Amino acid sequence: MGEHLMITIGREYGSGGRELGELLAKKLGIAYYDKEILTRAAQESGICEELMEAHDEKGALSGLLGAAASMGGAMGGVGFGVNVPMNQRIFQAQFDAITKLAQEGPCVFVGRCADYVLRGSANVTHVFVYASLEHRIQRIMQVENVDEERARELIKKTDKQRKTYYNFYADGNWGMRSNYDLMLRTDGHSLEELVELIAAYAHIKLGTAQEG
-6 MGEHLMITIG REYGSGGREL GELLAKKLGI AYYDKEILTR AAQESGICEE
44 LMEAHDEKGA LSGLLGAAAS MGGAMGGVGF GVNVPMNQRI FQAQFDAITK
94 LAQEGPCVFV GRCADYVLRG SANVTHVFVY ASLEHRIQRI MQVENVDEER
144 ARELIKKTDK QRKTYYNFYA DGNWGMRSNY DLMLRTDGHS LEELVELIAA
194 YAHIKLGTAQ EG
């Protein structure tokens, strides 16, 4: 892995993690990868992008439990044959895409187990973004233009999907503090303030890695 700066962002739904990642990449003048990971994975794997999107960060998919029993959980970096369930082929394609994108230059990744894919690299800063339920509800009501009840439903559903996806493929616990360098609560802070904090930490960590 190159010695350039990289940042991964895990996030609760409605916490502002995606916007935070975009602002951070813009401030640092580096590449930003979110849905772009799916595009790259589709191009290199031959799996259509629409299918990638349908399976995006969703754990409860056909063949998942059977695969877990036979393969023992995490599957990052393992090649699969044509008989492997589609959800696993899609994860592998995303795993490979993240690995290649990380080698191409400084970047920010949002979601999709990027912290797991890039584990062990000293020049990566792993961030998890969260917020109070009340804050998240208000944000989703505004962003998605839905009422409070629908916002609650979306938060519960999306967080459950992300947690199941991460816990299976990354063989770990989504949101567990030991997986991240920074755990940031967005309540009471502007995203711009948090961008400054993450950028400062990431540069310190990169400098320490290069000195080592």
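Residue numbers (our numbering): -6 to 205.
Cβ atoms here follow ideal geometry from the backbone N, Cα and C, with glycine treated the same way.
Because the structure is a prediction, the values reported are computed rather than measured.
Any idea what DSSP makes of residue i, helix, strand or coil?
{"i": "residue 178", "result": "strand"}
{"i": "residue 169", "result": "coil"}
{"i": "residue 18", "result": "helix"}
{"i": "residue 26", "result": "strand"}
{"i": "residue 50", "result": "coil"}
{"i": "residue 34", "result": "helix"}
{"i": "residue 144", "result": "helix"}
{"i": "residue 189", "result": "helix"}
{"i": "residue 39", "result": "coil"}
{"i": "residue 5", "result": "coil"}
{"i": "residue 155", "result": "helix"}
{"i": "residue 112", "result": "coil"}
Using a 10 Å radius around the Cβ and a threshold of 16 neighbouring Cβ atoms, would you call residue i buried or exposed?
{"i": "residue 140", "result": "exposed"}
{"i": "residue 197", "result": "exposed"}
{"i": "residue 116", "result": "buried"}
{"i": "residue 5", "result": "buried"}
{"i": "residue 201", "result": "exposed"}
{"i": "residue 65", "result": "Any reading at residue 65 needs caution, since the residue's pLDDT is 34, under 50, leaving its predicted position unreliable; the model's value is listed next. Classification of residue 65: exposed, given that the 10 Å Cβ count is below 16."}
{"i": "residue 169", "result": "exposed"}
{"i": "residue 41", "result": "exposed"}
{"i": "residue 36", "result": "exposed"}
{"i": "residue 58", "result": "Here residue 58 scores only 34 on pLDDT, less than 50, and its place in the model is too uncertain to base an answer on."}
{"i": "residue 13", "result": "buried"}
{"i": "residue 190", "result": "exposed"}
{"i": "residue 182", "result": "exposed"}
{"i": "residue 3", "result": "buried"}
{"i": "residue 60", "result": "Residue placement at residue 60 is flagged as unreliable, the pLDDT there being 39, under the threshold of 50; the coordinate-derived value follows with that caveat. When all chains shown are included, residue 60 counts as buried."}
{"i": "residue 85", "result": "buried"}
Report the option in the options whose CA atom is closest to the CA atom of residue i.
{"i": "residue 186", "options": "3, 9, 4, 98", "result": "9"}
{"i": "residue 123", "options": "180, 195, 14", "result": "180"}
{"i": "residue 81", "options": "38, 99, 177, 127", "result": "38"}
{"i": "residue 129", "options": "-1, 7, 142, 190", "result": "7"}
{"i": "residue 164", "options": "19, 110, 94, 153", "result": "110"}
{"i": "residue 106", "options": "134, 136, 155", "result": "155"}
{"i": "residue 127", "options": "119, 145, 51, 120", "result": "145"}
{"i": "residue 96", "options": "177, 24, 176, 204", "result": "24"}
{"i": "residue 103", "options": "119, 48, 134, 166", "result": "119"}
{"i": "residue 113", "options": "121, 92, 17, 138", "result": "92"}
{"i": "residue -3", "options": "90, 173, 22", "result": "22"}
Give me whichever residues DSSP pairs with residue i in a beta bridge.
{"i": "residue 0", "result": "101, 118"}
{"i": "residue 123", "result": "178"}
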